[in-house]
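S.K.: Sequential numbering from 1 applies to the sequence shown in UniProt numbering.
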Amino acid sequence: MSTSANQRSQKRLACTQRATAYQREFGKELRRRVVEDREPYAIVQADTPHELFHAMDIPIITNQWWSAYISAKQLSTRYFDAMVAKGYPANSCKYCSLGLACTLADDPETAPWGGLPKPTVMVARLTCDCIQQVFGQWSQALGSEFFPMEAPAWTDKDPQWFANSRSEWERVFQPDRIQHMVREMADLIALLENRTGRRFDAAKFHHLMEQINVQEGYIWEAAQAIGKARPCPVSIAEQMPNTMIPQWHRGSDWAVAHAKEFRDEVMGLIDSGHGASSNEKLRLMWIGAGVWHDPGFYQALEETIGAVFVWSMYMPFAGPAYIRDLKDKPMEALASRIASMNETLHLPPWMNSWMVSEAQRCGIDAAVVLLPPDNRLSQSGTKATAASLRAAGVSVLMIDADMVDAKVWDHDRMVAMVDGFLREEGLA
């Protein structure tokens with residue numbers, strides 16, 4: 001790995017500093033509750049109903065957040081090596097298995113928080129072949145219980161799902177799939193009440209869902225404004241934390257207030273003509289999860305050739321994935337989101353139709369697609385999406401790299417690869 005790897009991103013927005021400071025304090029509080037006070041808590045996938053836990057005040061560790069946390073501390077190589085030493089294949093899907101690798105390494109001296117204690121339950125949707133194995137074996141290693149949630153087939157192939165998801169969610173995400181998810185969530189609530197002694201408050205949950213709509217509305221407004229603005233006021237290096245940190249706390253008073261602050265700061269930058277780059281010439285989109293071990297990668301070409309990463313999935317996803325006309329059916333509205341979150345982000349025809357629409361909305365010149373070498377192709381529609389983008393006139397570079405495995409990443413080489421590609425395409 002290059003000695004210049006793990007470049008820090010430049011933080012220009014005041015609200016970025018506030019978000020990261022809030023998350024640091026939250027991390028300390030979460031550690032106190034989970035590790036020191038040994039409160040009941042859960043380890044969950046990102047595409048599971050976090051809102052149920054929030055409504056019951058049950059702490060959660062999100063697997064993807066935990067993986068990013070470990071990766072940012074440059075510990076992924078150590079833990080994946082330990083995993084292989086225990087007989088696991090070297091080509092395991094990295095993003096979802098890094099937390100398991102950390103537990104299997106059993107090294108409290110290096111592990112964040114000294115390692116995670118036994119959770120009350122572990123929850124994941126069965127969206128790919130490996131996740132059942134990862135969570136099943138992880139729950140055994142921690143002495144916990146795995147609560148799997150199904151991912152039933154989605155037969156509605158509405159290519160404009162993202163335009164109809166707010167008000168027509170019952171049709172778009174299919175009543176049978178929604179009701180199946182509602183039944184599973186009822187079972188999960190019963191398990192949590194039985195194991196923790198805490199009670200699910202329907203009124204609190206309903207209010208939470210209303211507040212999530214408010215929060216996501218602010219983020220959606222900012223995303224729309226960024227897509228139209230020339231130059232782009234905020235690159236994805238700052239869009240990501242200002243979207244994802246509040247997303248982990250969605251519906252809370254802090255998250256709603258921060259989303260509004262972010263929107264207002266973005267609008268102010270647009271009004272003043274501020275650009276993320278002083279010399280914007282190219283608008284790029286990033287397809288895939290963030291490279292959490294090297295956030296500075298996204299800003300490396302802003303000043304040299306005026307290439308700005310304008311788009312990633314996290315921020316514009318706020319509108320179509322989260323905002324729902326509740327129709328006095330908050331549990332069904334939540335089910336409609338959870339039942340298809342992974343599919344809309346990662347599988348055709350939903351993924352590619354949305355991303356082509358987003359590329360056109362934001363005036364994208366080129367897309368850089370993350371293709372983790374150890375991920376199963378069946379879990380993602382990246383190649384179909386690349387083909388759709390090219391057909392729409394967007395240049396596409398696919399890079400073999402991983403979002404949390406720093407071993408296969410070299411900052412200088414990756415920046416040079418993007419630079420060379422843009423020059424070859426006649427864009428730079």
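We treat Cβ as the ideally placed atom computed from N, Cα and C, and that holds for glycine.
Along the beta strand (DSSP E) that carries P241, what are the first and last residues, could you check?
M.R.: Taking the first residue of the sequence shown as 1, we reach residue 241 at position 241. Careful: P241 lies outside any beta strand (DSSP E), inside the alpha helix (DSSP H) at 236-248.
S.K.: Measuring alpha carbon to alpha carbon, tell me which residue in A141, C128, A124, S92 is nearest G115.
M.R.: Position 115 of the sequence shown holds residue 115. The shortest C-alpha separation from G115 is found at A141.
S.K.: Pick helix, strand or coil for A82, following the three-state DSSP scheme.
M.R.: Indexing the sequence shown from 1 puts residue 82 at position 82. DSSP places A82 in helix when its eight states are reduced to three.
S.K.: Whole angstroms are fine: how far does the CA of Q23 sit from the CA of T62?
M.R.: What you label residue 62 is simply residue 62 of the sequence shown in a count that begins at 1. What you label residue 23 is simply residue 23 of the sequence shown in a count that begins at 1. Approximately 14 Å between the Cα atoms of the pair.
S.K.: Considering just the uninterrupted stretch of the beta strand (DSSP E) at L301, what are its terminal residues?
M.R.: On the sequence shown, residue 301 is found 301 positions in, with the first residue counted as 1. Taken as a continuous stretch (DSSP letters only), L301 belongs to no beta strand (DSSP E), as it is neither H nor E.
S.K.: Which whole-angstrom value describes the C-beta separation of K94 and V369, a residue pair presumed to lie in contact below a C-beta threshold of 8 Å?
M.R.: Within the sequence shown, the letter at position 94 stands for residue 94. Within the sequence shown, the letter at position 369 stands for residue 369. Incorrect: roughly 17 Å between the Cβ atoms, too far for contact.
S.K.: Between the stretch 204-216 and the stretch 321-339, do three or more beta carbon pairs fall short of 8 Å?
M.R.: The stretch 204-216 is in contact with the stretch 321-339.
S.K.: Ignore the nearest five residues each way along the sequence and tell me which others in A289's own chain have a CB closer than 6 Å to its CB.
M.R.: Stepping through the sequence shown from its first residue, residue 289 is reached at position 289. Cβ within range, chain order: M403.
S.K.: Could you give the DSSP three-state label for Q17: helix, strand or coil?
M.R.: Counting from 1 along the sequence shown, the entry for residue 17 is found at position 17. Helix at Q17.
S.K.: Determine, using beta-carbon pairs with one atom in the stretch 81-91 and one in the stretch 50-69, whether at least three such pairs fall under 8 Å.
M.R.: Counting Cβ pairs under 8 Å, fewer than three are found: no touch.
S.K.: How would you label A90, buried or exposed, when you count the other beta carbons within 10 angstroms and need 16 or more for buried?
M.R.: Residue mapping note: residue 90 aligns to position 90 of the sequence shown, counting from 1. Counting Cβ neighbours within 10 Å, A90 comes out exposed, since fewer than 16 surround it.
S.K.: Please report the Cβ distance between A19 and N194, rounded to the nearest whole angstrom; I am assuming they are in contact, meaning their Cβ atoms lie under 8 Å.
M.R.: Mapped onto the sequence shown, residue 19 falls at position 19. Mapped onto the sequence shown, residue 194 falls at position 194. A19 to N194, Cβ: 36 Å. No contact.
S.K.: If I'm right that S388 touches N352 with Cβ under 8 Å, what's the distance once you round it to whole angstroms?
M.R.: Counting from 1 along the sequence shown, the entry for residue 388 is found at position 388. Counting from 1 along the sequence shown, the entry for residue 352 is found at position 352. The pair is a contact, with the Cβ atoms about 4 Å apart (cut-off 8 Å).
S.K.: Tell me whether the stretch 415-426 and the stretch 389-398 touch, counting them as touching only if at least three CB pairs, one residue from each stretch, are closer than 8 Å.
M.R.: Contact holds: three or more Cβ-Cβ distances are below 8 Å.
S.K.: So, helix, strand or coil for S277, using DSSP?
M.R.: Reading the sequence shown from its first residue, position 277 is the one you call residue 277. Coil.
S.K.: Looking only at its chain, what residues have a beta carbon closer than 7 Å to the beta carbon of A55, apart from the 5 residues adjacent to it on each side?
M.R.: Your numbering for residue 55 matches position 55 in the sequence shown. The residues are F200, D201, K204, F205, L208.
S.K.: Where V121 and P59 are concerned, what is the direct C-alpha to C-alpha distance, given to the nearest angstrom?
M.R.: Here residue 121 is taken as the residue at index 121 of the sequence shown, counted from 1. Here residue 59 is taken as the residue at index 59 of the sequence shown, counted from 1. Straight-line Cα distance between these residues: approximately 11 Å.
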